[in-house]
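My numbering applies: residue 133 is where the sequence shown begins, and numbers increase by one. For glycine and all other residues, C-beta sits at the position ideal for the given N, C-alpha and C. Note that the coordinates shown come from a computational prediction; the quantities given were computed from them, not determined experimentally.
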Amino acid sequence: MVLKKIFEKLGSLTIDAGKKVEEGVKVPATKLNIVKPSFTSKMPSIPGKIDFRRTIKRRSTSVILERMKMTPEEIEIFKDLIEADKRREEKEKESEEKYMEASLEEILKEREKRRLEPKLVMTLGGISGFLLLLITVILGFGLDIGLILMFSVISLSILLMFAPELQKGRRSSEAARQLPFALRQMATELRAGLGLHDTMRSVAMSGYGALSQEFARTLEEIRYGETTENALKEMCNRVNSEGLDRAIYQITRTLESGGDLAKTLNIIAEDVAYEMRMKLRDYSQKLNSFTMIYMFIAILGPVIFLVMLLAATTVMERSVLPPIAILLLYLLLFPAIVGFMAFMIKRLEPKL
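Next up, the structure:
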């Protein structure tokens, strides 16, 4: 019994001591929760000293208030900066869209749509001309008019058959004209520290027309696993240009040897630009003499022939040529001669 009372007293003392410790811990914690933290706690002021914290606080607040007050000129400048940033974003988005449109899949799809089978074109032209001949004869317009219409339709089908080749030549000429500017851009960006693929992508997004599309297709071929050298050689095969062939040859040689590609491209750009100027000068000299012949055949020839025909008819008091022959001359022969002369002038354009 005595031991039991001793243990009970020890237990009660232990419980009381625990409660007192708990109360002693809770009181400072509640005081810390009640008291609000202040970063500008009062410090004992030292005579002759300045409270730098208060002065800095007042100065920073005044500076912020002054910055918030913007003059109308500053507001206009701010608006101009925002509009310039929006225009820059729109330009980057447009360039990205152009690059995506010039990708390999898009180019192949467009070419599949534009490609015309020569046999199909000739077959459709022959059938259409024969049907026009039957319709004109049945309606009573005469066999001569039917033959003229049939010949016109067949000539148009022949022109459409050669249109893709003409378009390909025009595309190559357009790419060759933009080549010096693209090479200078690549050389500048290579000197700035960009890689070859980055400079090619920049040319593809810069709006050089057919040349940008060819660079975009080359990048797509590289992305699909083709080597850089083979992709560039394929681009040379697609674009019939001596300047581009020379540039690609030097690029591949420089990549193999590890030389200064920027310097090489800059030299090639200068050579291509000089060659272009020389060829344009020769073309202008040839064009001056060729223009006189073209004007005589296209303008003076039909007029002189008509005057001579009227004079002969007046003297002989009858028509020298039947009306159908005159109609064929002015509807087919003279336009064909004019078209041939224009084609020859086009063929005289310099190729790089």
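With respect to the alpha helix (DSSP H) encompassing residue i, which residues constitute its N-terminal and C-terminal limits?
i	result
P454	Unbroken run through P454: none, as it is neither H nor E.
E407	L393 to M427
P467	F466 to R479
DSSP state of residue i, grouped into three classes?
i	result
T359	coil
S338	coil
S373	coil
A443	helix
G257	helix
L351	helix
P482	coil
G274	coil
R450	coil
T386	helix
L265	helix
G325	coil
T320	helix
T331	helix
Just to confirm, are residue i and residue j a CB contact at a threshold of 8 Å?
i	j	result
G433	V404	no
I477	F428	no
G278	V269	yes
T445	V452	yes
A379	Y340	no
L343	L311	yes
P482	L438	no
L281	L265	yes
R370	E346	yes
Q289	V253	The sequence given here has Ser at residue 289, not Gln. Their beta carbons are under 8 Å apart, which means S289 touches V253 by this criterion.
A430	A319	no
Using the Cα positions of residue i and residue j, report the straight-line distance between them to the nearest angstrom.
i	j	result
A324	N398	14 Å
R479	K211	53 Å
R186	L326	Residue placement at R186 is poorly supported in this model, since its pLDDT is 46, which falls under 50; the coordinates are not used for a value here.
Q273	K225	What sits at residue 273 in the sequence shown is Phe, not Gln. Roughly 59 Å between the two C-alpha positions.
R333	E215	27 Å
Y415	L322	34 Å
A394	T331	11 Å
G570	F294	Since the displayed the chain opens at 133 and closes at 484, residue 570 lies outside it and no answer follows.
M424	S305	25 Å
E449	P467	29 Å
K223	A336	15 Å
D377	C368	6 Å
L464	D276	13 Å
N362	I458	58 Å
Y406	A308	13 Å
T203	Y356	56 Å
K418	E205	59 Å
R385	E352	22 Å
M473	Y426	6 Å
G261	L271	15 Å
S329	S389	First, the residue type needs correcting, since residue 329 is His and not Ser in the sequence shown. In a straight line, the C-alpha of H329 is about 18 Å away from that of S389.
R409	F475	23 Å
P454	V447	16 Å
Please determine whether the Cβ atom of residue i lies at a distance below 7 Å from any heavy atom of the ligand COA.
i	result
L459	As for the ligand COA, it is missing from this structure, which has no ligand bound.
Answer with yes or no whether the minimum CB distance from residue i to chain B is below 8 Å.
i	result
M427	Protein chain content of the structure displayed is limited to a single chain, and chain B is not contained in it.
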